[in-house]
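**Student:** Here you go, one structure.
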Amino acid sequence: MVRAPATADALFSLLWGTRPSSDRLLNGDLASCLRKKPYLDYFRIQCGYFAKAESSVQENLDVIKDVVGHLKTGASKKDVLSLRHTAGSSIDILDNASVENAANLAARLLIMCSVGRVPHEANPRQYLEWRHDESLKDLVCSHFQSTHTLNDAVRLPKNFNAWTIEKIGGITIQLTDSLADHLLLANDDRTLLIFHHVSFLERQTSRSILPKELVDETLHTLGLLFPQALFTSSNRSTRQEQKWFKRLCQRHF
967 MVRAPATADA
977 LFSLLWGTRP
987 SSDRLLNGDL
997 ASCLRKKPYL
1007 DYFRIQCGYF
1017 AKAESSVQEN
1027 LDVIKDVVGH
1037 LKTGASKKDV
1047 LSLRHTAGSS
1057 IDILDNASVE
1067 NAANLAARLL
1077 IMCSVGRVPH
1087 EANPRQYLEW
1097 RHDESLKDLV
1107 CSHFQSTHTL
1117 NDAVRLPKNF
1127 NAWTIEKIGG
1137 ITIQLTDSLA
1147 DHLLLANDDR
1157 TLLIFHHVSF
1167 LERQTSRSIL
1177 PKELVDETLH
1187 TLGLLFPQAL
1197 FTSSNRSTRQ
1207 EQKWFKRLCQ
1217 RHF
């Protein structure tokens, strides 16, 4: 099992570097306002899956740090697995299964998709099969290459949001931790999955493994489905929507 770092900032810095707290988010808030707990919860869940695997990764962050560093340089999965034979590497003491687990775990932490299969994973929807000759960026691009962007010519009702989709459209809204499942209709088209990790998306930069267009489009759809003025304002007229939003979050968290 991999222990969580002492602080959320340490984990975020390890994965994506530091970001000045004075930076502004898309909604105008300071970067220091980003909520880190949802991603830390995701981190612990993913580590828990791999801890239950037959061969789990080492009980420290050194392995993940090494693997993340190589993945960011564009190394293929085969290159990462070969680190087991590199003297002085934190990975050279692991067996083959543990190295594969470390590679898949690091990939999941970087792109928030279900990369590789592990036992005991709850409700997996879409697995990304990572070939040995692919870099993580290759995997992402091949999976999301058919992603459709919103057409500006499409006119949506002014009250179009997640609440009206559920209450008027009769489609259950369910939050998901997998970016690959964002806007996926499940359960015979009766459930709409929505990826909700805004803090994760806001941390992506021009050097991110995720394509900028994918990040921007996901943030755009989240802004459309969960308008801040509707779900977080103190306006009495939106109290019903706010209660629904609170229950939605409680079901997931």
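Those letters in the sequence shown? Residues 967 to 1219, per this note's numbering, in order. Using N, Cα and C, we set each Cβ at its ideal position, and we do this for glycine too.
Taking 8 Å as the cut-off, decide whether the C-beta atoms of residue 1174 and residue 1005 are in contact.
**Tutor:** Walking along the sequence shown from the start, residue 1174 turns up at place 208. Walking along the sequence shown from the start, residue 1005 turns up at place 39. No; because the gap between Cβ atoms is not below 8 Å, this pair is not in contact.
**Student:** Can you list, in chain order, the stretches of the alpha helix (DSSP H) that have 4 or more residues and sit fully within the region 986-1040?
**Tutor:** 1003-1017, 1028-1038
**Student:** Could you check how far apart the C-beta atoms of residue 1017 and residue 1091 are, in whole angstroms? I think they sit under 8 Å.
**Tutor:** Counted from its first residue, the sequence shown places residue 1017 at position 51. Counted from its first residue, the sequence shown places residue 1091 at position 125. Here residue 1017 is actually not in contact with residue 1091; their C-beta atoms are around 22 Å apart, not less than 8 Å.
**Student:** Is it true that the region 1059-1075 meets the region 990-1002, where meeting means three or more beta-carbon pairs spaced less than 8 Å apart?
**Tutor:** no
**Student:** Give the secondary structure of residue 1111 by DSSP, where H, G and I count as helix, E and B as strand, and everything else as coil.
**Tutor:** Mapped onto the sequence shown, residue 1111 falls at position 145. Residue 1111 falls in the coil class under three-state DSSP.
**Student:** Can you give the Cα-Cα distance for residue 985 and residue 1163, rounded to whole angstroms?
**Tutor:** Sequence index remark: in the sequence shown, residue 985 carries index 19 (1-based). Sequence index remark: in the sequence shown, residue 1163 carries index 197 (1-based). Cα to Cα, residue 985 sits roughly 17 Å from residue 1163.
**Student:** For residue 1064, which of 1030, 1108, 1214, 1011 has the nearest alpha-carbon?
**Tutor:** Numbered from 1 along the sequence shown, position 98 holds the residue referred to as residue 1064. Selected option, being the one with the closest Cα: 1030.
**Student:** Quick check: the region 1065-1085 against the region 1136-1150, are there 3 or more CB pairs under 8 Å?
**Tutor:** yes
**Student:** Name the residue from 1168, 1218, 1160 whose alpha carbon lies nearest to the alpha carbon of residue 990.
**Tutor:** Stepping through the sequence shown from its first residue, residue 990 is reached at position 24. For the set 1168, 1218, 1160, the Cα lying nearest the Cα of residue 990 is the one of 1168.
**Student:** For residue 1141, does the three-state DSSP call read helix, strand or coil?
**Tutor:** Position 175 of the sequence shown, counted from the first residue, corresponds to residue 1141. Strand, per DSSP.
**Student:** For residue 1124, tell me which candidate among 1111, 1139, 1107, 1190 has the shortest Cα-Cα distance.
**Tutor:** The sequence position of residue 1124 within the sequence shown is 158, counting from 1. Of the candidates 1111, 1139, 1107, 1190, the one whose C-alpha sits nearest the C-alpha of residue 1124 is 1190.
**Student:** Grouping DSSP H, G and I as helix and E and B as strand, with all else coil, what is residue 1157?
**Tutor:** Translated into the one-based positions of the sequence shown, residue 1157 becomes position 191. Note: residue 1157 maps to strand in three-state DSSP.
**Student:** Apply the 10 Å Cβ neighbour rule to residue 965 and answer buried if 16 or more other Cβ atoms are within range, or exposed otherwise.
**Tutor:** With the chain represented from 967 up to 1219, any question about residue 965 goes unanswered, as that position is not in the structure.
**Student:** Please report the distance separating the alpha-carbon of residue 1141 from that of residue 1128.
**Tutor:** The count along the sequence shown starts at 1 and reaches residue 1141 at position 175. The count along the sequence shown starts at 1 and reaches residue 1128 at position 162. Approximately 11 Å, taken between the alpha carbons.
**Student:** For residue 1032 and residue 1049, which I take to be in contact (beta-carbon distance under 8 Å), what is that distance rounded to the nearest angstrom?
**Tutor:** On the sequence shown, residue 1032 is found 66 positions in, with the first residue counted as 1. On the sequence shown, residue 1049 is found 83 positions in, with the first residue counted as 1. Going by Cβ atoms, the distance from residue 1032 to residue 1049 rounds to 7 Å, so yes, they are a contact pair.
**Student:** Could you check if residue 1012 belongs to the surroundings of the ligand NAP, using beta carbon to heavy atom distance under 7 Å?
**Tutor:** This structure simply doesn't include the ligand NAP, nor any ligand for that matter.
**Student:** Tell me whether residue 1212 sits in a helix, a strand or coil according to DSSP, three-state version.
**Tutor:** Translated into positions along the sequence shown, residue 1212 becomes position 246. The answer is helix: DSSP assigns residue 1212 an H, G or I state.
**Student:** Smallest Cα separation from residue 1043: which of 1013, 1131, 1097, 1126?
**Tutor:** As a working note, residue 1043 is residue 77 in the sequence shown. Looking at the Cα atoms, 1097 is the closest of the given residues.
**Student:** Grab the span of the alpha helix (DSSP H) containing residue 1197 for me, first residue to last.
**Tutor:** In the sequence shown, the residue the question calls residue 1197 occupies position 231. Where residue 1197 is concerned, the enclosing alpha helix (DSSP H) stretches over 1194-1197.
**Student:** Can you look up residue 1122 in the DSSP assignment and give me helix, strand or coil?
**Tutor:** Reading the sequence shown from its first residue, position 156 is the one you call residue 1122. It is coil, neither helix nor strand.
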